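Enquirer:
Residue numbers (the numbering used here), protein chains in the order written: chain A, 49 to 243; chain B, 49 to 243.
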């Protein structure tokens, strides 16, 4: 079947990302070669370079895409005015978004060490923008008196680590559904910050 | 200077572990060869096999040593009878122990994927023993009425993820000392579980 270069490219680029994501998550960035990624996609190694200049760009693209998706999905949620309601929405959103993307989350944390300085700065800035949305809720809650935390920035890091930690043990086949886990974590988050 | 085989071995084995720890943390287990580890230690690759049969054994040994140290250090702390005091001790101990060993902590979480099944089961059993010490404090606290959590096991995972998360952002040169961070995290942990 004849395919135009455009449609071919449109199909291949996402497949390269998907293959790289899976291989990096399984073996680690440093252990995976462009040749292995090409083999997983089913193209010649040389053809890969039509889509991506090098492995570092691929890693940074994967992390950027993950954080762009995160920021976009977060921005699409209506932000409720009440800080505790906004915090509940954040908690449930964060758990669900991350539980659905274990490979991307794993790479986003673990392969920071392999980013070159410019890419690292870009990725950190995106991550910081996401963290800032939680800090803003906590500061807002301090303003209304609903929230009392010693340090909103540290509380942000603590809550995000606690919620992302679900990924280290959650299995779809476990004793609790993700809905039940959301409920339990919202209970803990609420108590952690409530005045 | 003449050295006996015994003293040589006693000196080399820890240096192999130290080199492997550092290389695995920087590049990832899968990307590091026994040859690179030997070069870092300053011995021939062949000599390495006098100390360690293969890279998998080395990885499992590193993780086991980390968790043995953790369990030993934890067991050395007097366990206070009051559950909230015991929880405070756990919180401060966990943060300090992990902040002092960023490479070992990084590997203990990140390289689980590279453990063969028998090693994985052993490492998970050790980790579970440590987690159980926290769950026991929470259950104890539920008994005295000091603690109210929906699910002691989930609260255990949440607290450990929150506390270990300090490692992802803490720098000795930052605006807060580790003592101050301990205080803030103890405040959050207390509120998270207090009845």
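Glycine is no exception: its CB is placed at the ideal position from the N, C-alpha and C atoms. If you're wondering where the values come from, they're calculated on a predicted model, not measured in any experiment.
(1) Sort out for me which residues DSSP pairs residue 242(A) with in a bridge.
(2) Name, please, each residue of chain A whose Cβ falls closer than 7 angstroms to the Cβ of residue 240(B).
(3) Listed in chain order, which residues of the segment 69-80 of chain B have Cβ atoms closer than 9 angstroms to some Cβ of chain A?
(4) Are the C-beta atoms of residue 82(A) and some chain B residue less than 8 angstroms apart?
(5) Are the Cβ atoms of residue 76(A) and residue 79(B) separated by less than 8 angstroms?
(6) Quick one: is residue 199(A) near chain E, going by C-beta distance under 8 angstroms?
(7) Residues in the same chain with beta-carbon distance under 7 angstroms from residue 145(A), minus the five sequence neighbours each way, listed in chain order, please.
(8) Quick one: which chain A residues come within Cβ less than 8 angstroms of residue 216(B)?
(9) Is the distance from the Cβ of residue 238(B) to the Cβ of residue 132(B) below 8 angstroms?
(10) For residue 108(A), count neighbouring Cβ atoms within 10 angstroms of its own Cβ and tell me buried if that reaches 16, exposed if not.
(11) Starting from the Cα of residue 205(B), find the closest Cα among 124(B), 66(B), 182(B) and give me that residue.
(12) Closest Cβ-Cβ distance between residue 51(A) and chain B: below 8 angstroms?
(13) Between residue 67(A) and the rest of its own chain, which residues show a CB-CB distance below 6 angstroms, the 5 nearest in sequence each way excluded?
(14) Between the Cα of residue 174(B) and the Cα atoms of 96(B), 74(B), 102(B), 116(B), which residue gives the shortest distance?
(15) May I ask you to verify whether the segment 99-113 of chain B touches the segment 163-178 of chain B, counting CB pairs closer than 8 angstroms and requiring at least 3?
(16) Within the same chain, show all residues whose beta-carbon is closer than 8 angstroms to that of residue 153(A), passing over the 5 residues directly before and after it, in chain order.
Expert: Walking through what the data contain:
(1) 195(A)
(2) 236, 239, 240
(3) 73, 74, 75, 76, 77, 78, 79, 80
(4) no
(5) yes
(6) Here chain E cannot be found, since the structure's protein chains are A and B.
(7) 118, 121
(8) 157, 205, 209
(9) yes
(10) buried
(11) 182(B)
(12) Residue confidence for residue 51(A) is low, a pLDDT of 47 falling below 50, so the modelled location carries little weight; the figure read from the coordinates is stated next. Not closer than 8 angstroms to any Cβ of chain B, the Cβ of residue 51(A) fails to qualify, so no.
(13) 85, 88, 89
(14) 116(B)
(15) yes
(16) 114, 146, 212, 215
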